[in-house]
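A.B. asks:
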Amino acid sequence: MKWALVVYFMTTAGWQSAEVLGKDKIGWSRVVYETYQQCSSRARMFNEDPEYRNKIKAKCERVEK
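Just so we're on the same page, the numbering used here is the position in the sequence shown counted from 1, plus 4.
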């Protein structure tokens, strides 16, 4: 099973994925990892950074393929 790292941005409407906001076209597209551990390790880099904690978050989502 593969896992996708999906980045979300806080907007006035709440958390929105990079794809919904069109940011995937400027380098914020999801990245697929072979294992959940690889994905969650990358997600922590976003989620533990105090500068971006309330602005950007990352989540690992199962890839259905």
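C-beta: ideal position from N, C-alpha, C; glycine also.
For clarity, every value in this text was computed on a predicted model and none was experimentally measured.
What number of angstroms, rounded off, separates the C-alpha of K6 from the C-alpha of A17?
C.D. replies: Mapped onto the sequence shown, residue 6 falls at position 2. Mapped onto the sequence shown, residue 17 falls at position 13. Each residue's Cα considered, the two are about 30 angstroms apart.
A.B. asks: Could you round the C-beta distance between A8 and V36 to whole angstroms and report it? I think they count as a contact, below 8 angstroms.
C.D. replies: Within the sequence shown, numbered from 1, the residue matching residue 8 stands at position 4. Within the sequence shown, numbered from 1, the residue matching residue 36 stands at position 32. About 5 angstroms separates the two Cβ atoms, so the contact holds.
A.B. asks: Just to confirm my understanding: we take N51, look at its own chain, exclude 5 residues before and 5 after, and list those with CB closer than 8 angstroms. What are they?
C.D. replies: For the purposes of this step, residue 51 is taken as residue 47 along the sequence shown, with counting starting at 1. Cβ neighbours of N51 beyond the five flanking positions: R57, K61 and A62.
A.B. asks: Leaving out the 5 sequence neighbours to the left and right, which residues in its chain are closer than 8 angstroms to A22 when beta-carbon positions are compared?
C.D. replies: Counting from one through the sequence shown, the residue named residue 22 turns up at place 18. The answer, listed in chain order, is V10, V11, Y12, F13, D28, W32, S33 and R34.
A.B. asks: So what does DSSP say about M49, is it helix, strand or coil?
C.D. replies: Counting from 1 along the sequence shown, the entry for residue 49 is found at position 45. Of the three classes helix, strand and coil, the one that applies to M49 here is helix, per DSSP.
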